[in-house]
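There are 2 protein chains.
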Amino acid sequence: MSTISMTPIGRVMSARDEPIDDAWDSVPTTIVLDSTQLKPDAAAGLDGFSHIVVTYVFDRVGEDEIERGARHPRGRTDWPKIGILAQRAKNRPNRIGITTCRLLSVNGLTLKVQGLDAIDGTPVLDIKPHMSGFDPRGAVREPAWSRELMEKYWD
Amino acid sequence: MSTISMTPIGRVMSARDEPIDDAWDSVPTTIVLDSTQLKPDAAAGLDGFSHIVVTYVFDRVGEDEIERGARHPRGRTDWPKIGILAQRAKNRPNRIGITTCRLLSVNGLTLKVQGLDAIDGTPVLDIKPHMSGFDPRGAVREPAWSRELMEKYWD
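Residue numbers (the numbering used here), protein chains in the order written: chain A, 1 to 155; chain B, 1 to 155.
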């Protein structure tokens, strides 16, 4: 299939400079949007929402590190071998990360957030408001390993 | 900022061929993943999850249709003028769509889903499992217009 070209609309500024698996909620993070890509009012009204959905790129993952089949999440052999599309690991095709985080403040094109699991310098592709209308509809089911994996992820 | 190149990992097959704003839940939809991009076990274990997060591209939106500032959602002048990053409209920088939908079945690299608001032929960039650990943390707040906009979106 033909490739699609994306231009980052901003960057993450974070106190965390290395990919660490856990305790993301305590890391102060700012998203600086690019004024050459966006007009000054591109984030107008965003402060009406408590949370935003940030789409970013795991840009430090090399092409040769991308998994296209299955593997144990976090290399944990006590968890089942799982397809890369059934986990949220960074070594994935197109290297896309998506996280819903708290929006603390909006100042023009500068957003202060809490709970964004992206390291310093990460390119941002999109910001969307979190609308409850896009929450999962119907009962939610997930396997035991994914709950276990998330236990210390934020705190 | 330098551009980032993405290769679609699959396509949406849908009974809906035109961008219509509402009633998406009733549209039968299949995601056909690309066996040249992915190994046969790339979706192994995905059926342990009730919902998936689909990242796709609004590829019928032309470059000249992209909004980089603010506008009334759906052209509704009774709603406030809102920055493109504070709405989920398709005419956005990088044209990325993200939807959490129900996963009905997995058959190798073919996924049947319900509630995916993407039309026939839409390129898919990523599939992630919906993990409750990535739900918004803390109280959720959103403006009145966004609740109103979503009223008939799915049903």
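Cβ coordinates follow ideal geometry from the N, Cα and C atoms, glycine included.
Residue i - containing beta strand (DSSP E), residue span
{"i": "Arg11 (chain B)", "result": "10-14"}
{"i": "Pro236 (chain A)", "result": "Residue 236 (chain A) is absent from the structure shown; chain A starts at 1 and stops at 155."}
{"i": "Tyr153 (chain B)", "result": "That residue, Tyr153 (chain B), is in no beta strand (DSSP E); it is neither H nor E in DSSP."}
{"i": "Arg137 (chain A)", "result": "Counting along the chain, Arg137 (chain A) falls outside any beta strand (DSSP E), and DSSP gives it neither H nor E."}
{"i": "Thr77 (chain A)", "result": "Premise fails: Thr77 (chain A) is in no beta strand (DSSP E) and is neither H nor E."}
{"i": "Leu116 (chain A)", "result": "No beta strand (DSSP E) contains Leu116 (chain A), which DSSP labels as neither H nor E."}
{"i": "Arg95 (chain A)", "result": "Where Arg95 (chain A) is concerned, there is no enclosing beta strand (DSSP E), given that its DSSP letter is neither H nor E."}
{"i": "His72 (chain B)", "result": "Looking at the DSSP string, His72 (chain B) is not in any beta strand (DSSP E), and its letter there is neither H nor E."}
{"i": "Thr29 (chain A)", "result": "29-33"}
{"i": "Val54 (chain A)", "result": "51-57"}
{"i": "Ile4 (chain B)", "result": "4-6"}
Chain A within 8 Å of residue i, Cβ atoms only
{"i": "Tyr153 (chain B)", "result": "yes"}
{"i": "Ser35 (chain B)", "result": "no"}
{"i": "Pro136 (chain B)", "result": "yes"}
{"i": "Ser146 (chain B)", "result": "yes"}
{"i": "Phe58 (chain B)", "result": "no"}
{"i": "Leu104 (chain B)", "result": "no"}
{"i": "Val54 (chain B)", "result": "no"}
{"i": "His72 (chain B)", "result": "no"}
{"i": "Glu142 (chain B)", "result": "yes"}
{"i": "Asn91 (chain B)", "result": "no"}
{"i": "Ile82 (chain B)", "result": "yes"}
{"i": "Gly48 (chain B)", "result": "yes"}
6 Å Cβ shell around residue i - same chain, five flanking residues per side excluded
{"i": "Val57 (chain B)", "result": "Arg95, Pro123"}
Residue i: first and last residue of the uninterrupted alpha helix (DSSP H) it sits in
{"i": "Arg147 (chain B)", "result": "144-149"}
Beta-carbon gap between residue i and residue j smaller than 8 Å
{"i": "Pro136 (chain B)", "j": "His51 (chain A)", "result": "yes"}
{"i": "Met6 (chain B)", "j": "Leu125 (chain B)", "result": "yes"}
{"i": "Gly133 (chain B)", "j": "Arg102 (chain A)", "result": "no"}
{"i": "Val53 (chain B)", "j": "Ile98 (chain B)", "result": "yes"}
{"i": "Gly121 (chain A)", "j": "Arg11 (chain A)", "result": "yes"}
{"i": "Ala44 (chain A)", "j": "Leu33 (chain A)", "result": "no"}
{"i": "Leu46 (chain A)", "j": "Val113 (chain A)", "result": "no"}
{"i": "Asn91 (chain B)", "j": "Ile119 (chain B)", "result": "no"}
{"i": "Pro8 (chain B)", "j": "Gly108 (chain B)", "result": "no"}
{"i": "Glu151 (chain A)", "j": "Phe49 (chain B)", "result": "no"}
{"i": "Thr36 (chain B)", "j": "Met13 (chain B)", "result": "no"}
Rounded C-alpha distance that separates residue i from residue j
{"i": "Ile84 (chain B)", "j": "Leu111 (chain B)", "result": "31 Å"}
{"i": "Tyr153 (chain B)", "j": "Ile127 (chain B)", "result": "22 Å"}
{"i": "Pro62 (chain B)", "j": "Arg68 (chain B)", "result": "Here the sequence assigns Gly to residue 62 (chain B), which means Pro is not the residue at that position. Cα-Cα distance, rounded: 13 Å."}
{"i": "Val27 (chain B)", "j": "Thr100 (chain B)", "result": "15 Å"}
{"i": "Ala23 (chain B)", "j": "Asp155 (chain B)", "result": "5 Å"}
{"i": "Pro129 (chain B)", "j": "Asp64 (chain B)", "result": "34 Å"}
{"i": "Arg71 (chain B)", "j": "Leu38 (chain B)", "result": "39 Å"}
{"i": "Ser2 (chain B)", "j": "Thr3 (chain A)", "result": "15 Å"}
{"i": "Asp59 (chain B)", "j": "Thr77 (chain B)", "result": "27 Å"}
{"i": "Glu18 (chain B)", "j": "Glu18 (chain A)", "result": "43 Å"}
{"i": "Arg147 (chain A)", "j": "Leu104 (chain A)", "result": "27 Å"}
Contact with chain C by residue i, beta-carbon distance below 8 Å
{"i": "Ala118 (chain B)", "result": "Checking the listed chains, one finds no chain C in this structure; the protein chains it contains are A and B."}
Cutoff 8 Å: residue i Cβ touching any chain B Cβ
{"i": "Lys98 (chain A)", "result": "The sequence given here places Ile at residue 98 (chain A); Lys does not occur at that position. At least one chain B Cβ lies under 8 Å of Ile98 (chain A)."}
{"i": "Asn94 (chain A)", "result": "yes"}
Close Cβ partners of residue i (< 7 Å) along its chain, the five nearest in sequence each way excluded
{"i": "Pro73 (chain B)", "result": "Trp79, Ile82, Gln87, Ala89, Trp145, Leu149"}
{"i": "Asp25 (chain A)", "result": "Gln114, Gly115, Trp154, Asp155"}
Proximity test, residue i beta-carbon vs the ligand ADP heavy atom, cut-off 7 Å
{"i": "Gly97 (chain B)", "result": "Absence of the ligand ADP is noted for the structure shown, with no ligands found whatsoever."}
Other residues of its chain near residue i: CB distance less than 8 Å, five sequence neighbours each side excluded
{"i": "Thr156 (chain A)", "result": "No answer is possible for residue 156 (chain A): the residues shown for chain A start at 1 and end at 155."}
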